[in-house]
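Data block below; observations after.
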Amino acid sequence: MFLVADLYRGDPNAGMMEFQEKQRLQHETFMHKELEKLLTTAKTSEVEFSRKDFEGFKKLFHNFLQAKGPSVDWAKIQRPPEDSIQPYEKIKLKGLPADVASSLNKLAVVKLNGGLGTSMGCKGPKSLISVSNENTFLDLTVQQIEAIF
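Under UniProt numbering, the first residue of the sequence shown is numbered 1, with each subsequent residue one higher.
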């Protein structure tokens, strides 16, 4: 018979370490199964290429799961100098060189919204919730970005 108390004999962290290892293995196993399912959707001509990509991803995912501690040392993060951040309006008044303007045409915006909002009773992405005049959060974000240009 296995007792929880047995986990704490010797190393008091043994139980937590065992739990974390089981969690890591479950995540890895789940990822492997999902990648195998995804591989079945690849075109025949792309299966080998996809399989090699997935093997590389599995290695990266394994390394990520093995990492200990926080991925960011927040103690090393500092505020930027006060004069390094300027209001957009101030920058716009100066005018931009032609090469900078052409670079802005290639600008991509990546927005991380978070989870689905199931704790709020949402059935889909929060970015698709109507919030103002039939506009969704996603619509408002697009409008904000368009206003910059």
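Where is the CB? At the ideal position from N, CA and C, for every residue including glycine.
E146 versus A108, Q23, K123, residue with shortest Cα-Cα distance: A108
CB-CB length for K111 against T141, believed under 8 Å: 6 Å
Cβ shell of S127 (< 7 Å), same chain only, five flanking positions each side left out: N113, T136, F137, L138
Collapsed DSSP secondary structure at residue 154 in the structure displayed: Nothing can be reported for residue 154, as the shown portion of the chain is limited to 1 through 149.
Burial state of F64 (16 or more Cβ within 10 Å): exposed
C-alpha gap between W74 and E34, whole angstroms: 33 Å
Reference T29; option with closest CA among E134, G124, K58: K58
Local conformation of T141 per DSSP, three classes: helix
Neighbour-count burial assignment, F19, 16 or more Cβ in a 10 Å radius: exposed
Near the ligand FMN: Q26 beta-carbon under 7 Å from a heavy atom: The ligand content of the structure shown is nil, which means the ligand FMN is not present either.
8 Å Cβ shell around Q26 - same chain, five flanking residues per side excluded: none
Residues of its chain near E82, where Cβ-Cβ distance is below 8 Å and the 5 sequence neighbours each way are ignored: none
Expected contact under 8 Å - CB spacing of L39 and R51 to nearest Å: 6 Å
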